[in-house]
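Residue numbers (the UniProt record's numbering): 1 to 42.
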């Protein structure tokens, strides 16, 4: 049973990757907007 989970796990990670990349993209945009806001205040 454990060996089967071991082989299925990498495929699950591959399916999640595009979602994670999109989340990172959105986080980068939010950080850039926040930095611009802080620089405007300073």
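C-beta: ideal position from N, C-alpha, C; glycine also.
These numbers were taken from a predicted model, which means no experiment stands behind them.
Nearest-angstrom Cα separation, counted from residue j out to residue i
i, j, result
"residue 20", "residue 30", "15 Å"
"residue 37", "residue 17", "30 Å"
"residue 35", "residue 28", "11 Å"
"residue 33", "residue 40", "11 Å"
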